[in-house]
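Working notes, beginning with the structure itself.
Number of protein chains: 2
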Amino acid sequence: MTLPDAPQSIRTEPVLDGTAWMAADLAVPEGVVSELKPPHLAEIAAFLSELRAAPLPVQAERALWQALAHRSMPELSALAHAMAHRTETHVGTAVLRGLPVDALSPDEIRSLYRALGAVMGNAVSQNTAGEFIAEVRDYGMGGLNSSEVRGYQTNAALRFHSDDGDLALLLCVRPAANGGTSLIASAMTIYNELLIRAPHLLGLYYNGFVYENRDEEDPPAYRNAIFGYYHGQLTCRYFLRDYVDSAWTKTSVPVSDLERYALDLFEALAARPGAATEYALRAGDLQLVNNNVIVHSRRSFTASGNTGQRLLLRQWVNLDGGRDFPTSLCRHRYGMQTHTDART
Amino acid sequence: MTLPDAPQSIRTEPVLDGTAWMAADLAVPEGVVSELKPPHLAEIAAFLSELRAAPLPVQAERALWQALAHRSMPELSALAHAMAHRTETHVGTAVLRGLPVDALSPDEIRSLYRALGAVMGNAVSQNTAGEFIAEVRDYGMGGLNSSEVRGYQTNAALRFHSDDGDLALLLCVRPAANGGTSLIASAMTIYNELLIRAPHLLGLYYNGFVYENRDEEDPPAYRNAIFGYYHGQLTCRYFLRDYVDSAWTKTSVPVSDLERYALDLFEALAARPGAATEYALRAGDLQLVNNNVIVHSRRSFTASGNTGQRLLLRQWVNLDGGRDFPTSLCRHRYGMQTHTDART
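Keeping their order, the protein sequence lines are chains A and B.
Just so we're aligned: the first sequence equals residues 31 to 374 in this note's numbering.
Just so we're aligned: the second sequence equals residues 31 to 374 in this note's numbering.
Shown next as C-alpha cells:
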C-alpha cells in the first residue's frame with residue numbers, strides 16, 4: 031500500500047509581504063487613506079446628474095453600474111479600483127474619505143455606493159433576503175447569544191472576524207455617538223505567530239471549524255477552514271466565533287477543549303498589544319476590508335443622539351481576477367442563497 | 031490580553047520503548063506467546079471442579095471471579111496478570127495459547143474466560159445490552175455499510191481500529207475455515223511516522239474525529255481523539271473509520287478532504303509493508319490486544335464447515351492502576367450505557 035497524497039499543502043514559511051504587519055508599522059491608523067479632492071466631487075455631481083436623467087435601480091446588474099461609473103467618474107473609478115486591488119498585497123485595508131453623504135439623499139448615497147462597489151468587484155448576496163447592500167445597525171433584536179441574530183444586526187461588540195467576499199466595503203453614513211470604533215489586525219501576522227507558537231495545530235486551522243447557519247440555510251451547520259494555502263497564496267477566513275460555539279445545537283457535538291484553545295489563541299493574537307489598529311470611521315468614510323488577509327472587529331456602540339442611530343452600509347464584493355481557492359475556505363464567498371433559490 | 035494556556039501538550043519526541051515496533055522486530059508473529067503447561071491445565075481442572083461445587087454466574091461481580099481464580103489457579107492467574115500488564119510497555123499484544131476449549135462446554139469456556147479476564151482487569155459493557163462477553167461472529171446482518179451493524183457482528187474485513195477498554199481479550203473458540211486472520215500494528219510506530227511525515231497535522235489527531243453512535247446511545251454523534259499525551263504517556267484510540275464516514279448522517283457535516291487524508295494516512299501507515307504482523311488465531315488462543323498502544327484489523331472470513339462458524343469471545347477490560355487519561359480520548363472506556371441506564 032502506498033501512502034496517500036495530501037489534498038493540500040501547509041504553508042511552513044512566514045508571510046513577509048505588506049499584508050503582515052503590526053499597528054506600529056502603519057503610516058496612519060487606517061493603513062491607507064485617500065481623501066476625495068474637488069475633481070472627484072465634481073465627478074460625483076456629474077454621476078448624480080446623469081442618474082437623474084436616466085434612473086438606474088440599485089438592483090440593476092453590475093455591468094450597467096460599472097459603465098456609468100467609468101463614464102461619469104473616471105478618476106474616482108480608477109482610484110477606487112486601484113485601492114481595492116492594492117489591499118491584496120498592502121496592509122489589506124484602506125479608507126476612501128470624504129464621500130459627501132451629508133449632502134446626498136439616502137437613495138443617492140446607495141446609488142453612489144453601488145457604483146463604487148461595482149467598480150471594485152462583483153457584489154454578492156449577504157443574506158437569504160438576497161440583499162447586496164445591507165444596513166449595519168442596531169436592529170433592536172439583541173446580541174449574538176440569540177440564535178436568530180447576525181453580526182450586522184446588533185450594537186454589541188463583535189469579536190475579530192472575517193466577512194465572506196474578498197472585500198467588505200463599509201460606508202459610514204452616521205457614526206455612533208459613543209463607541210463603534212473599528213479594530214483591524216493582520217491575519218497574516220497571526221499566522222506567522224502560529225507558525226512559532228503552535229505549529230502542530232496548523233492542521234486544525236486548515237481543517238476548520240463547524241459553524242451554525244443561523245437558520246438561514248440548509249444544511250444547519252457546515253465546516254469552514256480558517257487558513258488555506260493555494261497557488262502560493264495564504265488566505266484566511268475567520269467567521270464569528272459565536273457561530274462555532276452554538277453549532278452543537280445543530281450537530282450534537284460540542285466544541286472540544288483543543289478547538290476552544292485554537293480559537294482563543296487566534297483571537298488573543300489579534301487582540302494582543304500592538305497587533306491591531308483602532309480608529310473611528312467618520313461620516314463619508316468608505317472602509318475597504320480585505321477578508322483574505324485581515325480580520326476586523328468593532329466595539330459596542332450607542333445611538334448617535336439627535337441625528338439618528340449609527341448606520342453603516344455594507345457590500346461584499348469579489349475582486350476581478352481574484353484569488354483562486356475552494357469554497358471550503360469560504361462557503362458563502364459567492365453569496366448566500368436567497369430563500370427563493372433554496373426552495374426551487 | 032495574555033495568550034491562553036494550551037489544554038494539553040503535543041508530544042514532539044518519538045516513542046522509543048518496546049511498544050514502537052515493526053513486524054521484523056518481533057520474535058514471533060504473535061509478539062509474545064505463553065503456552066499453557068500441564069500444571070496450568072491441572073489448575074483449570076481444579077477451577078472447574080470448584081465451580082461445579084459452587085456455581086457462579088458470569089454476571090457475578092469481578093471480585094468473586096478474581097478470588098476464585100487466585101485460589102484455584104494461582105500460577106495461571108499470575109501468568110495472565112503479568113502478560114496483561116506487560117502489554118503496556120512491551121509490544122502491546124500477546125497470546126496465551128492452549129486453553130482447552132475443545133474439552134469444555136460452552137458454559138465452562140465462558141466461566142474460565144470470565145475468570146481470566148477478572149484477573150487481568152475490570153471488564154466493561156460492550157453494548158447497550160450490557161454484555162461483558164460479546165460473541166464476535168457473523169450475525170448475518172451484513173457489513174458496516176448498514177448503520178445498524180457493529181464490527182463484531184459481521185464477517186467482513188475490518189479496517190485497522192482500536193477497541194474501547196485498555197485491553198481487548200479475544201478468545202478463539204472456533205477459527206474460520208478461510209480467512210479471519212489478525213493483523214496488528216503499533217500505533218506508537220504510526221505516531222513516530224506522523225511526527226516526520228505530517229507534523230502540522232498532529233493537532234487534527236489530538237482533536238479527533240466525530241463518530242456516529244450507531245443508534246446505540248445519545249448523543250447520536252461524538253468526538254473522540256486519536257492520540258492524547260497525558261502524564262508523559264502517549265495513548266491512541268482509533269475507532270472504526272466507518273463510523274466517521276457515516277457521522278454526517280447525524281451531524282449534517284461531511285468528512286473534510288483533510289480529515290479523510292489524515293485517516294487514510296493513519297491506516298496506510300498501519301498497512302504499509304513491514305508495519306503489521308499477521309497470523310491466524312488457533313482454537314484455545316487468548317489474544318491480548320492493548321488498545322492504548324496498538325491497532326488491529328482482521329481479514330474477512332467464511333464459515334468453518336461442519337464444525338460451525340468462526341467464533342471468538344471478546345471482553346474489554348481496564349487494567350488496575352492503568353493509565354490516566356480523559357474520556358475525550360476514549361468515550362466508552364468505562365463501558366457503554368445499557369438501554370436501561372439510558373432511560374433512567
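Idealized CB from N, CA, C, for every residue including glycine.
Think of a sphere of 9 Å around the beta carbon of B:D294: the chain A residues whose beta carbon falls inside it are L33, P34, in chain order.
Looking from the CA of B:D35, the closest CA among A:T307, A:R127, A:L295, A:G314 belongs to A:L295.
Using a Cβ distance threshold of 7 Å, A:V149 and A:H115 do not count as a contacting pair.
Chain order gives the chain B residues near A:E289 as N237, where near means a beta carbon separation below 8 Å.
Per the Cβ contact rule, the stretch 212 to 227 of chain A is in contact with the stretch 293 to 307 of chain A (3 or more Cβ pairs under 8 Å). For the C-beta of A:V240, the chain B residues within less than 7 Å are, from N- to C-terminus, V283. For B:R227, the enclosing alpha helix (DSSP H) has its first and last residue at 217 to 227. Around the beta-carbon of B:Q183, 16 or more other beta-carbon atoms lie within 10 Å, marking it buried. In this structure, B:P37 and A:L299 do not form a Cβ contact; the two beta carbons are roughly 17 Å apart against a cut-off of 8 Å.
Only those residues of the stretch 247 to 275 of chain A whose C-beta falls short of 7 Å from the nearest C-beta of chain B are listed: P249, P250, A251, Y252, R253. For the set A:E138, A:A206, A:I74, A:M171, the Cα lying nearest the Cα of A:P104 is the one of A:I74.
For the pair B:P284 and B:Q263, the Cα-to-Cα distance works out to about 32 Å. Closest by C-alpha distance to B:A133, out of B:G160, B:R204, B:S192, is B:R204. Straight across, the Cα-Cα distance linking A:G209 with A:S330 is about 6 Å. Secondary structure of A:N348 (DSSP, three-state): strand.
Counting the other Cβ atoms within 10 Å of the Cβ of B:R253 gives 16 or more, which makes it buried. Taken through DSSP and simplified to helix, strand or coil, B:F190 comes out as strand. Interface with chain B (7 Å Cβ-Cβ cutoff): A:H230 is included. For A:S141, the three-state secondary structure derived from DSSP is helix. A buried status is given to A:I220, since no fewer than 16 other beta-carbon atoms sit within 10 Å of its beta-carbon. Comparing alpha-carbon positions, the option among A:L318, A:N157, A:D350 lying closest to A:N243 turns out to be A:N157. In this structure B:S276 does not touch B:F190 by the C-beta definition: roughly 18 Å separates them, more than the 8 Å allowed.
A Cβ-Cβ distance of about 6 Å is found for the pair A:A50 and A:N222, placing them in contact under the 8 Å criterion. A distance below 7 Å between beta-carbons, with the five flanking residues on each side excluded, links B:A186 to the following residues of its chain, in chain order: G173, L174, S330.
In the structure shown, A:T307 adopts extended strand secondary structure according to DSSP, grouped into three states. For the C-beta of B:P68, not a single chain A residue is nearer than 8 Å; the gap to the nearest is close to 44 Å.
For A:I256, the closest C-alpha among the options A:G238, A:R290, A:L197 is that of A:G238. At a beta-carbon threshold of 8 Å, the residues of chain A lying near B:L234 are G233, L234, N237, ordered along the chain.
Using a CB distance cut-off of 7 Å, A:A114 does not count as an interface residue toward chain B. The Cβ atoms of B:Q345 and B:G147 lie closer than 7 Å to each other. By the rule that beta-carbons nearer than 7 Å mark a contact, B:P37 touches chain A.
Straight across, the Cα-Cα distance linking B:L188 with B:Y235 is about 21 Å. A distance below 8 Å between beta-carbons, with the five flanking residues on each side excluded, links B:E161 to the following residues of its chain, in chain order: S155. Chain B places no beta carbon closer than 7 Å to that of A:S330, leaving this residue out of the contacts.
The beta-carbon of B:I40 is placed less than 7 Å from the nearest beta-carbon of chain A. Interface flag for A:A305 against chain B is unset, since no Cβ pair is found closer than 7 Å.
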